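> Sharing a structure here in structure tokens format.
Chains as they are written, first to last, in the working numbering: chain P, 2 to 176; chain R, 29 to 524.
Encoded structure:
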């Protein structure tokens, strides 16, 4: 090992809900539950595709997205997003987060691709939490996009009879 | 027989047709030219040149023309599309094509909810209080709502499937809800008319399967409970219902028969009721088609409903009598849809990359997709129906739980995690759930154990190591420079 490389002995996987899972390096092919280690194997074959074998059961896995240290993983039909951090990057992230001011606006985005059937609000009006903002049609279902907060509508981007992609901005609300 | 439908129901209908030695015609569309249902057909009608906006399954003139060109003398409409279109049924009759379903008159009367209400009222059928006919404007809506008392529900007169329905709890909300419901009804059913009913809080959804012939014989095949629904869309159905005993089953079943007789109903049909916590039941509507959830009834009665539909349409007399109907065991149907339960059941269209379904004596899988099939945004999001039976409810739940773990689908997200959670939920197990279950009793729509999350975290970490680390050393490009020293990093951080 050269001196300009950092020696790290641990990695952390942080979930999007801020749960922290730590793993010692080198990474073991097992996970400890209580006092027992259970073997984990990543496998792939023609019939099942990629899967994890754990406690004699196969779990389907899929890497949906990976960007830098961020991974979206589909495990047994549930998606999880983790950022993998080293002890140093974790420290750095903590410092950064403490300095970042909280966003003062709520951005309402399209939860799925579809067509805007109706826009129920306009700029300047007050909405309460749970009030429908936009009606989005996707796969023959009309979905009401509700306001997650009470506040004032500061911007309406959604337009009636237009198509939107997933995560397109619809409405901005100032709580 | 022309199948005026696609997907799993087209496959299902053709299965029975083959057993009855009836030749089938399926329509190949440009949207899904390689769909699985085409493999079940004796004759494939190539309609891939047709690129009009309206799906062929909704195009009456074209369907009649296809039937004539292909030499079909009968049409099975399946569910959805034109299954409950009286005009289509009439057009078939006018062109000497057997419509496998009820008479256009019965479809029309039951399809129009305000007419259906009047018929039920005249027959003394228990119903929730409501407006006598359609409501013309929000002022009238407010007036009637005050009379019957809030909460009320606004429903589309030509509606079904939950669209155009809005619950109103106070008069201030009425104007907005009335407009939304009416707009939605117009868009979905080409008819903006709506009516109002007293909203029954937290009911169970109980429906009765009816069979009637053209000679006036009508029987019921017991009930299905479909209380597990989201925004009025059913997710899981079971037969029988844990809420009914024999006395109530007989009473509700006879009421369902009465309603069917009031419109001289023939073919298979479903009478839907709401059952309140005091076990009062109210007629809601009658569906004049085969239902998505018909397999649970088939599982406990051992009767092929499609076969009965075909025989009845052919003018045969119903050989089954009410006393022949014996309900045996319990069946549960899970609708495995391409939906993201983590984003509030948002549709998740995509290509099915891998699909392995369980099989066994207690298991039935109805599907219209296979590996390589696409779940397209222009049709519904159904991948498969998993129907699992047991000797009683507990046994059926146990078998269902095991079967769900054997379903293996890759390519889209599915409703599987929802069902895995449901099978373990106390309220589902003890049968006390109502139609409000998903909205009120759940804080999470899916099952995942902490171990599963830990295993996913392990995988993310493993990937990170493979991509970034060698010799246990860091090799990641944090910002610009490679292998930045922690001292430099600290210095930079201090500048923030």
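Ideal placement from N, C-alpha and C gives every residue a C-beta, glycine not left out.
Only a predicted model underlies this, so the values are computations on that prediction, with no experimental measurement involved.
Is the beta carbon of residue 34 (chain P) closer than 8 angstroms to that of residue 479 (chain R)?
The residue you call residue 479 (chain R) lines up with position 451 of the second chain. The residue you call residue 34 (chain P) lines up with position 33 of the first chain. Result yes, Cβ atoms of residue 479 (chain R) and residue 34 (chain P) sit closer than 8 angstroms.
> For residue 65 (chain P) versus residue 45 (chain P), is the C-beta spacing smaller than 8 angstroms?
Indexing the first chain from 1 puts residue 65 (chain P) at position 64. Indexing the first chain from 1 puts residue 45 (chain P) at position 44. Not in contact: residue 65 (chain P) and residue 45 (chain P) (Cβ atoms no closer than 8 angstroms).
> Given a limit of 7 angstroms on CB to CB distance, which residues of the region 70-96 of chain R reach chain P?
none
> What does residue 50 (chain P) reach in chain R if we use C-beta pairs closer than 9 angstroms?
Translated into positions along the first chain, residue 50 (chain P) becomes position 49. Neighbours of residue 50 (chain P) on chain R, chain order: 381, 382, 436 and 438.
> Any beta carbon of chain R sitting closer than 8 angstroms to that of residue 148 (chain P)?
Position 147 of the first chain, counted from the first residue, corresponds to residue 148 (chain P). Judged by the 8 angstroms Cβ criterion, residue 148 (chain P) is not in contact with chain R.
> By the DSSP assignment, the alpha helix (DSSP H) with residue 172 (chain R) in it spans what residues?
Here residue 172 (chain R) refers to the residue found at position 144 of the second chain. From DSSP, the alpha helix (DSSP H) with residue 172 (chain R) extends over 166-176.
> Report the three-state DSSP secondary structure of residue 503 (chain R) (helix, strand or coil).
Numbered from its first residue, the second chain carries residue 503 (chain R) at position 475. Below a pLDDT of 50, predicted positions are generally treated as unreliable, and residue 503 (chain R), at 49, falls in that range; the measurement from the model is reported next regardless. DSSP places residue 503 (chain R) in coil when its eight states are reduced to three.
> Residue 489 (chain R) touches chain P at which residues, Cβ-Cβ below 7 angstroms?
Against the second chain, residue 489 (chain R) aligns to sequence position 461. Correct list: 12, 14, 24, 28 and 85.
> Any C-beta of chain R sitting closer than 8 angstroms to the C-beta of residue 143 (chain P)?
On the first chain, residue 143 (chain P) is found 142 positions in, with the first residue counted as 1. At least one chain R Cβ lies under 8 angstroms of residue 143 (chain P).
> Return no unless some Cβ of chain R is closer than 8 angstroms to the Cβ of residue 43 (chain P).
As a first step, residue 43 (chain P) is located in the first chain; it is residue number 42 there, counting from the start. With respect to chain R, the C-beta atom of residue 43 (chain P) has a partner C-beta closer than 8 angstroms.
> Checking contacts by CB at 8 angstroms: is residue 474 (chain R) closer than that to chain P?
Within the second chain, residue 474 (chain R) is the residue found at index 446, counting from 1. Interface residue, yes.
> Considering only C-alpha positions, which residue in the set R:60, R:228 and R:39 is nearest to residue 52 (chain R)?
Working through the second chain from its first residue, we reach residue 52 (chain R) at position 24. That would be R:39, whose Cα lies nearest to the Cα of residue 52 (chain R).
> Please classify residue 470 (chain R): does DSSP put it in a helix, a strand, or coil?
Against the second chain, residue 470 (chain R) aligns to sequence position 442. DSSP places residue 470 (chain R) in coil when its eight states are reduced to three.
> On a Cα-Cα basis, can you pick out the residue from R:210, R:295, R:316 and R:353 that is closest to residue 344 (chain R)?
Taking the first residue of the second chain as 1, we reach residue 344 (chain R) at position 316. For residue 344 (chain R), the nearest C-alpha among the options comes from R:295.
> In the DSSP assignment, what are the bridge partners of residue 397 (chain R)?
As a working mapping, residue 397 (chain R) is identified with position 369 in the second chain. Residue 397 (chain R) is not bridged to any residue.
> If contacts are defined as beta-carbon pairs under 8 angstroms, then residue 456 (chain R) and residue 432 (chain R) qualify, I think. What distance do you get, rounded to the angstrom?
The residue labelled residue 456 (chain R) in the question sits at position 428 within the second chain. The residue labelled residue 432 (chain R) in the question sits at position 404 within the second chain. Not really, about 13 angstroms apart at Cβ, beyond 8 angstroms.
> From the DSSP output, in three-state form, read off residue 325 (chain R) for me.
Within the second chain, the letter at position 297 stands for residue 325 (chain R). Helix at residue 325 (chain R).
> Run down chain R in chain order and give the residues with a C-beta less than 8 angstroms from the C-beta of residue 81 (chain P).
Numbered from its first residue, the first chain carries residue 81 (chain P) at position 80. Simply 481, 484, 485 and 488.
> Alpha carbons only, please: which of R:98, R:92 and R:99 is nearest the one belonging to residue 117 (chain R)?
Position 89 of the second chain holds residue 117 (chain R). Of all alpha-carbon atoms in R:98, R:92 and R:99, the one lying nearest the alpha-carbon of residue 117 (chain R) is that of R:92.
> Run down chain R in chain order and give the residues with a C-beta less than 8 angstroms from the C-beta of residue 159 (chain P).
Here residue 159 (chain P) corresponds to residue number 158 of the first chain, with the count starting at 1. Correct list: empty, because the minimum Cβ distance to chain R is about 16 angstroms.
> Out of R:76, R:65 and R:115, which has the shortest C-alpha to C-alpha gap to residue 89 (chain R)?
Locating residue 89 (chain R) in the second chain gives position 61, where the first residue counts as 1. The residue with the shortest Cα to Cα distance from residue 89 (chain R) is R:115.
> CB-CB under 8 angstroms to residue 393 (chain R), same chain, minus the five flanking residues each way: which ones, in chain order?
In the second chain, residue 393 (chain R) corresponds to position 365, counting from 1. Only 385, 386, 387, 412, 413, 414 and 415 meet the Cβ criterion.
> Compare the beta carbon distance of residue 178 (chain R) and residue 204 (chain R) with 8 angstroms and say whether it is the shorter of the two.
On the second chain, residue 178 (chain R) is found 150 positions in, with the first residue counted as 1. On the second chain, residue 204 (chain R) is found 176 positions in, with the first residue counted as 1. Not in contact: residue 178 (chain R) and residue 204 (chain R) (Cβ atoms no closer than 8 angstroms).
> Check whether the region 60-76 of chain R touches the region 133-148 of chain R, taking contact to mean three or more Cβ pairs, one atom from each stretch, closer than 8 angstroms.
no
> Short of 9 angstroms Cβ to Cβ, which residues in the region 98-126 of chain P face chain R?
100, 112, 113, 114, 115, 118, 119 and 121
> Would residue 166 (chain P) count as contacting chain R if we go by Cβ distances under 8 angstroms?
Translated into the one-based positions of the first chain, residue 166 (chain P) becomes position 165. Taking Cβ atoms only, chain R never reaches closer than 8 angstroms to residue 166 (chain P), which makes this a no.
> Whose C-beta lies closer than 6 angstroms to the C-beta of residue 420 (chain R) among residues of the same chain, with five residues either side of it excluded?
Along the second chain, one-based indexing puts residue 420 (chain R) at 392. These residues qualify, in order along the chain: 358.
> Taking C-alpha atoms, which residue in R:191, R:82 and R:236 lies nearest to residue 278 (chain R)?
As a first step, residue 278 (chain R) is located in the second chain; it is residue number 250 there, counting from the start. Measuring from the Cα of residue 278 (chain R), the nearest candidate turns out to be R:236.
> Give me the subset of the region 291-324 of chain R whose CB atoms are less than 8 angstroms from a CB atom of chain P, sorted by chain position.
none
> Mind checking whether residue 438 (chain R) and residue 402 (chain R) have CB atoms under 8 angstroms apart?
Locating residue 438 (chain R) in the second chain gives position 410, where the first residue counts as 1. Locating residue 402 (chain R) in the second chain gives position 374, where the first residue counts as 1. Not in contact: residue 438 (chain R) and residue 402 (chain R) (Cβ atoms no closer than 8 angstroms).
> Using a C-beta to C-beta distance shorter than 7 angstroms, which residues of chain R count as neighbours of residue 46 (chain P)?
Position 45 of the first chain, counting from 1, holds the residue named residue 46 (chain P). Per Cβ cutoff of 7 angstroms: no residues; residue 46 (chain P) is ~11 angstroms from chain R at best.
> Suppose only complete runs of 4+ residues qualify. What are the alpha helix (DSSP H) ranges in the region 103-140 of chain R, listed by chain order?
114-122 and 132-139
> Using only the alpha-carbon positions, how far apart do residue 268 (chain R) and residue 329 (chain R) sit?
In the second chain, counting from the first residue as 1, residue 268 (chain R) sits at position 240. In the second chain, counting from the first residue as 1, residue 329 (chain R) sits at position 301. Computed Cα separation, rounded: 10 angstroms.
> Suppose the cutoff is 6 angstroms on Cβ atoms and the five residues either side in sequence are ignored; what does the same chain contact list for residue 315 (chain R) look like?
Translated into the one-based positions of the second chain, residue 315 (chain R) becomes position 287. Correct list, in chain order: 298.
> Touching or not, the region 306-321 of chain R and the region 105-115 of chain R, by the rule of three or more beta carbon pairs under 8 angstroms?
Taking one beta carbon from each stretch, the region 306-321 of chain R and the region 105-115 of chain R have 3 or more pairs nearer than 8 angstroms; the two touch.
> Flag residue 154 (chain P) as yes if its beta-carbon sits less than 8 angstroms from any beta-carbon of chain R, otherwise no.
As a working note, residue 154 (chain P) is residue 153 in the first chain. With 8 angstroms as the cut-off, residue 154 (chain P) does not count as an interface residue toward chain R.
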